[in-house]
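Residue numbers (my numbering), protein chains in the order written: chain A, 1 to 207; chain B, 1 to 207.
Where is the CB? At the ideal position from N, CA and C, for every residue including glycine.
The model shown is predicted, which means the values in this text are computed figures rather than measured ones.
Working notes, beginning with the structure itself.
Number of protein chains: 2
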Amino acid sequence: MTSYHHGDLRQALIGATDALIAEQGVEAFSLREVARRAGVSPAAPAHHFGDARGLLTAVATAGFEGLTEALEAGNAKGGKDPRKRLLHQGIGYVEYALAHPGKFRLMFSEGLEGADEKLMCSGNAAFLVLEEGVRLAFAIAPGQPLEDEAWTALLALWSVVHGYANLAIAGRLQPCAGEKPLAAFVATSLPAVLEKVITGSVPPAKP
Amino acid sequence: MTSYHHGDLRQALIGATDALIAEQGVEAFSLREVARRAGVSPAAPAHHFGDARGLLTAVATAGFEGLTEALEAGNAKGGKDPRKRLLHQGIGYVEYALAHPGKFRLMFSEGLEGADEKLMCSGNAAFLVLEEGVRLAFAIAPGQPLEDEAWTALLALWSVVHGYANLAIAGRLQPCAGEKPLAAFVATSLPAVLEKVITGSVPPAKP
DNA sequence: GTTGCAGTCTTAACACTGTCAAGTTAAAGT
DNA sequence: ACTTTAACTTGACAGTGTTAAGACTGCAAC
């Protein structure tokens, strides 16, 4: 068997939590169950994370890093047109949420160490990708403060993707989709929604 | 003291849960604590709600009814202009969420009896108020199916208010607000955001 | 090579939770 | 007046997070 010391328990616990949440949702999380999956005593996690909150906070932090990657991938997919970049960024946002619904819920839930530095940092990083996109569209140099129009565009975009994602996860979009699978509904309706919001609040690219 | 029978325990439990959630958030909910507050044994709630989920579902149902009222109040505030009606409806949505953050979280959380008839009914009722607003703006008679443009407008509006509300509740808008109180930030930024989305996806009123 | 030591994990316990089966009480129906 | 039915209590059980104490391990210093 393995040694008394686990080797990399910290990462193992994060992984086990991630898997548990992916399988059964956030509510099913239990520190003891996670410890069980990692083959370790119920008190072991405390040494690495202090708290159950601490472990969840670490998982959420990793989640924000994943979200940031998804946004940047979408960004790249959009090519050079600022509007297209924002469009695909938004799609990436929702796709990430739908691919990891439990983790996504966790990331924006209470029950995290709200003051945790790494968490706030990774959360801001994700937000900054979106802000960058808006900066590009409004031709605002980095460092310069955003003007009002840019602020409302940023807020509108963020709100719309966040809201769409949450509604989809909560199952509130299923009735709208009718009998066809949710993914198909999302694939057609989300771009349409984003199109409207973007053309309504973001200036077009210059030729 | 009171008699052995409580009189209206069902309502008392809902009230106690509501208060507890308002004071300490959804996570702090505990069936035993609620029973304690109602001056009743831990097993008493089971008779009325079966389950802890059952009690929470009842509270969420009441929450949707409150949300519906808030939407209708906003609707009335908007007067005759369909766009203004939608604007104030959106403001009402967010205001309700900010006034009852814990309950709002609960309403869209897992851990409810998703199949509960009353819950779905009250949830749909809230949605229908929004749909009515869009119907009015697009001049679609009740009963007639919504055309695509109307659908995306409906989705965009719902998403934007839902997302904005969730972000605000999660404290993610505080950094944007800077040092001034969140309510002030909301009061200026939310109408601006809604304005953009509405003019971008909802046709203007005919003269 | 032995010793000390700091970090890692376990064990045992505590207070708390949700849920049940069985029993007790009060009110309503006949 | 007697029975039935609904409302609530009691006591128990399994499971939870957290904590204090102890046991093991590997590394560094001597």
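Where residue i and residue j are concerned, what is the direct C-alpha to C-alpha distance, given to the nearest angstrom?
{"i": "LEU154 (chain B)", "j": "LYS118 (chain B)", "result": "24 Å"}
{"i": "MET120 (chain A)", "j": "GLY143 (chain B)", "result": "47 Å"}
{"i": "ALA43 (chain A)", "j": "ARG10 (chain A)", "result": "13 Å"}
{"i": "SER159 (chain A)", "j": "SER159 (chain B)", "result": "7 Å"}
{"i": "ALA205 (chain B)", "j": "PHE185 (chain B)", "result": "29 Å"}
{"i": "GLU179 (chain B)", "j": "THR152 (chain A)", "result": "18 Å"}
{"i": "ALA35 (chain B)", "j": "PRO45 (chain B)", "result": "7 Å"}
{"i": "ALA139 (chain B)", "j": "GLY74 (chain B)", "result": "20 Å"}
{"i": "PHE49 (chain B)", "j": "LEU55 (chain B)", "result": "5 Å"}
{"i": "ALA99 (chain B)", "j": "PRO145 (chain A)", "result": "31 Å"}
{"i": "SER41 (chain B)", "j": "GLY7 (chain B)", "result": "15 Å"}
{"i": "GLU131 (chain A)", "j": "LEU31 (chain B)", "result": "43 Å"}
Beta-carbon separation of residue i and residue j under 7 Å?
{"i": "LYS84 (chain A)", "j": "SER201 (chain B)", "result": "no"}
{"i": "TYR164 (chain B)", "j": "VAL94 (chain B)", "result": "yes"}
{"i": "ALA52 (chain A)", "j": "ALA38 (chain A)", "result": "no"}
{"i": "LEU194 (chain A)", "j": "GLY133 (chain A)", "result": "no"}
{"i": "GLU110 (chain A)", "j": "GLU110 (chain B)", "result": "no"}
{"i": "ALA137 (chain B)", "j": "PRO191 (chain B)", "result": "no"}
{"i": "ASP116 (chain B)", "j": "THR57 (chain B)", "result": "yes"}
{"i": "ALA141 (chain A)", "j": "PHE108 (chain B)", "result": "no"}
{"i": "PHE64 (chain A)", "j": "GLY102 (chain A)", "result": "no"}
Skipping 5 residues on each side, what residues in its chain have a beta carbon closer than 6 Å to that of residue i?
{"i": "LEU67 (chain A)", "result": "TYR96, ALA126"}
{"i": "ALA70 (chain A)", "result": "GLY92, TYR96"}
{"i": "ALA187 (chain A)", "result": "none"}
{"i": "ILE14 (chain B)", "result": "ALA58, VAL59"}
Near residue i, which residues of its chain fall below 7 Å by C-beta distance, leaving aside the five closest residues on each side in sequence?
{"i": "LEU182 (chain A)", "result": "ALA168, LEU173, GLN174"}
{"i": "VAL161 (chain A)", "result": "GLY90, TYR93, VAL94"}
Compare the C-beta of residue i against all C-beta atoms of chain B and say whether one is closer than 7 Å.
{"i": "VAL186 (chain A)", "result": "no"}
{"i": "LEU106 (chain A)", "result": "no"}
{"i": "LEU136 (chain A)", "result": "no"}
{"i": "LYS196 (chain A)", "result": "yes"}
{"i": "SER201 (chain A)", "result": "yes"}
Does residue i come out as helix, strand or coil in the three-state DSSP assignment?
{"i": "VAL202 (chain A)", "result": "coil"}
{"i": "LYS118 (chain B)", "result": "helix"}
{"i": "LEU112 (chain A)", "result": "coil"}
{"i": "ALA19 (chain B)", "result": "helix"}
{"i": "LEU173 (chain B)", "result": "coil"}
{"i": "HIS6 (chain A)", "result": "coil"}
{"i": "ILE140 (chain A)", "result": "coil"}
{"i": "HIS100 (chain B)", "result": "coil"}
{"i": "LYS84 (chain A)", "result": "helix"}
Tell me whether residue i counts as near the ligand ADP, meaning its Cβ is closer than 6 Å to at least one heavy atom of that ligand.
{"i": "GLY102 (chain B)", "result": "As far as ligands go, the structure on display features none, and thus does not contain the ligand ADP."}
Does any residue of chain A bring its CB to less than 7 Å from the CB of residue i?
{"i": "GLU164 (chain B)", "result": "The sequence as given places Tyr at residue 164 (chain B); Glu does not occur at that position. Closer than 7 Å: yes."}
{"i": "ALA22 (chain B)", "result": "no"}
{"i": "GLY63 (chain B)", "result": "no"}
{"i": "VAL193 (chain B)", "result": "yes"}
{"i": "GLU117 (chain B)", "result": "no"}
{"i": "SER159 (chain B)", "result": "yes"}
{"i": "THR17 (chain B)", "result": "no"}
{"i": "SER189 (chain B)", "result": "yes"}
Grab me the residues of residue i's own chain with a C-beta within less than 8 Å of its C-beta, minus the 5 sequence neighbours each way, in chain order.
{"i": "MET1 (chain A)", "result": "Because MET1 (chain A) sits at a pLDDT of 40, beneath the cut-off of 50, its placement in the model cannot be relied upon, and the point is left open."}
{"i": "THR199 (chain B)", "result": "ARG83"}
{"i": "ALA22 (chain A)", "result": "HIS100, GLY102, LYS103"}
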